[in-house]
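Numbering (this note's numbering), first residue to last: 1 to 676.
Worksheet: the structure to be examined is printed underneath.
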């Protein structure tokens, strides 16, 4: 092994040891230094006599809770695109304070085998709060198109509502808007260490609709929830409820409800379809009815009613956005005290004494260290003659663009990417006519819609640029596009593509091995930061990865070719850190700049109390999921740009970097997020 190889081996070992040390620290926090036991289990979900699927859960049991010393129990229900581990902050902090916590993977998410369509759907939609709609005003309307569109449009339609909402003339019905929560609540209440007179629920986003459904189902059961905490929830008129849908034949009612309201919630349902969250919203008829008070007396961060009779209500205003609500320290503190008050015990640990975010930061560190370890591993593999053939010099400097031409191309790229993002992602998400038995990932379909359009644009501009470049002296054909080695510049180099693909299989395989080991050694931990990133695959999800990866691969190969090869600068030829960072920012800007424009358009008006930019400019149809995803997407693409820059400078071609990030992106989309 060469000296360089030894150095790469040392870096690889140090990075992986660091990753596992961080995971060990995160797991210690999850267990609160041994005061919490975490186990895993499976619940069978059924609809009547029909088996629907298996739901997987984590169970957090505080030390000392057993059949003789029963503890309160809380069921946690995650939001859309998340999984049970997204609830870790609530699970850790509640269990530290003596509560047994069950956190489940809901329909279509995580390891659940039941798809999201098991929630059910109907062929109509309500465009305002349920109980406030009007056929004449067009707020109750029929819909059609793809199954996933109808499922997504029925998210705030709940299965305990009146038949007007939950059935249609075609025979479709809302079946279980708890997404398996009803079955999980029954399992939690039956645990020997749980006091079934002190049960509660908390859900975030999609999980708040599930929480409403669970509470409604168990009204009058004797084990009804003593408290419900909604993390970004929707409110409904009492007239929407149906007593015939309750498991015990009574009209649903809800004990001690806390609503955590995000000031900058990107989803219109959770702002009562208003553009901003302000005191006018607080004093609306719907909100004052919820609080049980008058408009003049209504106030944020104030408890109304009584815990003794279940009428306690509170709306806590949190200065955060939709996705960050799950780990907002202030909101979590209020929720901890709310459950304690409802269950009738005093927290032995102050609600503000929280450790859960330490776990998130450590797992983020482990993820970044593991991804970084791909680079020295590649360096080691390049010592092998088979993979060494991937290495090739960069094209000649004759293809470098002038500063003026580069800025022009970059700005055009940013504008095209930015202004197609809201429209094409939403089109793919719900309406693009993809075979739904094959393309089952709902958000993945959104990215396919966007990527497909960008692929067509990149192919067109590449062919146009090819014709112009062919007339110039020093034209290097496919080598100049980063698609061939220097000695094979006149044709697409499929040998290079194949070797690069095998190299990427080794690199991403190493990351997958870390995830498998992390799960085995540390009670199911994976690589994430608050939301799922890299999880182990079920066979079904592995199949979905194989469906989405080719499209992602084509996109990233063309994207890298346009940005890094065709758009290379003098910095691409400079060695060391100066050359790397000089290349990186020029690559990162066109890769992420377009969505950064959309971030500014979305949030500057929101922070100015005008409303989310997508809603103001394009309508609420183009707000919501893909706007809120930007908080994840931007840093993800920045990491991708580092990987792509490194491999282009190292190999002289775009294949290794492009295929690596395509595999990572497809893994993120298919590993645990929503599946129809």
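All C-beta atoms in this analysis are idealised placements derived from N, C-alpha and C, irrespective of residue type, glycine included.
To which residues of the same chain is residue i closer than 6 Å at the C-beta, ignoring the five residues directly before and after it?
i           : result
residue 106 : 179, 180
residue 427 : 449
residue 535 : 526, 671, 672
residue 334 : 316
residue 385 : none
residue 139 : 127, 128, 133
residue 601 : 613
How is residue i classed by DSSP in three states: helix, strand or coil?
i           : result
residue 473 : Because the pLDDT at residue 473 is just 48, under 50, the model does not fix this residue reliably, and the point stays unresolved.
residue 196 : strand
residue 429 : helix
residue 1   : coil
residue 98  : coil
residue 258 : strand
residue 115 : coil
residue 592 : helix
residue 241 : strand
residue 635 : helix
residue 395 : coil
residue 221 : coil
residue 677 : With the chain covering 1 to 676 only, the question about residue 677 has no answer from this structure.
residue 109 : coil
residue 232 : coil
residue 602 : helix
residue 612 : coil
Pull the bridge partners of residue i from the DSSP assignment, please.
i           : result
residue 532 : 528
residue 104 : 57, 77
residue 142 : 124
residue 448 : Looking at the DSSP assignment, residue 448 forms no beta bridge with any residue, so it has no partner.
residue 264 : 321
residue 62  : 36
residue 227 : 200
residue 441 : 675
residue 71  : 194
For residue i and residue j, I'd like the C-alpha separation in whole angstroms.
i           : j           : result
residue 282 : residue 260 : 13 Å
residue 473 : residue 505 : Because residue 473 carries a pLDDT of 48, less than 50, the predicted location of this residue cannot be relied on, and no value is offered for it.
residue 525 : residue 403 : 46 Å
residue 256 : residue 218 : 15 Å
residue 273 : residue 416 : 29 Å
residue 337 : residue 66  : 23 Å
residue 228 : residue 46  : 24 Å
residue 85  : residue 70  : 25 Å
residue 490 : residue 480 : 10 Å
residue 63  : residue 301 : 33 Å
residue 564 : residue 500 : 17 Å
residue 39  : residue 29  : 15 Å
residue 13  : residue 369 : 11 Å
residue 56  : residue 652 : 45 Å
residue 642 : residue 584 : 6 Å
residue 9   : residue 119 : 49 Å
residue 593 : residue 225 : 47 Å
residue 327 : residue 530 : 8 Å
residue 458 : residue 110 : 34 Å
residue 113 : residue 54  : 5 Å
Within its chain, find whatever has a CB closer than 7 Å to the CB of residue i; leave out the 5 residues flanking it on each side and keep chain order.
i           : result
residue 611 : 275, 276, 605
residue 554 : 455
residue 663 : 504, 508, 549
residue 168 : 122, 123, 124
Which same chain residues end up closer than 8 Å to residue i when comparing Cβ atoms and leaving out the 5 residues on each side of it in sequence?
i           : result
residue 520 : none
residue 354 : 89, 93, 329, 332, 333
residue 16  : 369, 370, 373, 514
Distance cutoff 7 Å, beta carbons only. Does residue i sit that close to anything in chain C?
i           : result
residue 178 : This model lacks chain C altogether, as it is built from one protein chain only.
Jot down the residue ranges of each uninterrupted alpha helix (DSSP H) in the region 12-59, minimum 4 residues, whole runs only, in chain order. none
Hey, which unbroken runs of the alpha helix (DSSP H) at 4 residues or more fall wholly within the region 304-385? 329-343, 356-381
Scan the region 159-196 and note each continuous alpha helix (DSSP H) run of 4 residues or more that stays entirely inside, going in chain order. 163-166, 181-189
Which runs of the alpha helix (DSSP H), 4 residues or longer, sit entirely within the region 545-583? none
Within the region 473-511, note down every full beta strand (DSSP E) run reaching 3 residues or more, in order along the chain. none
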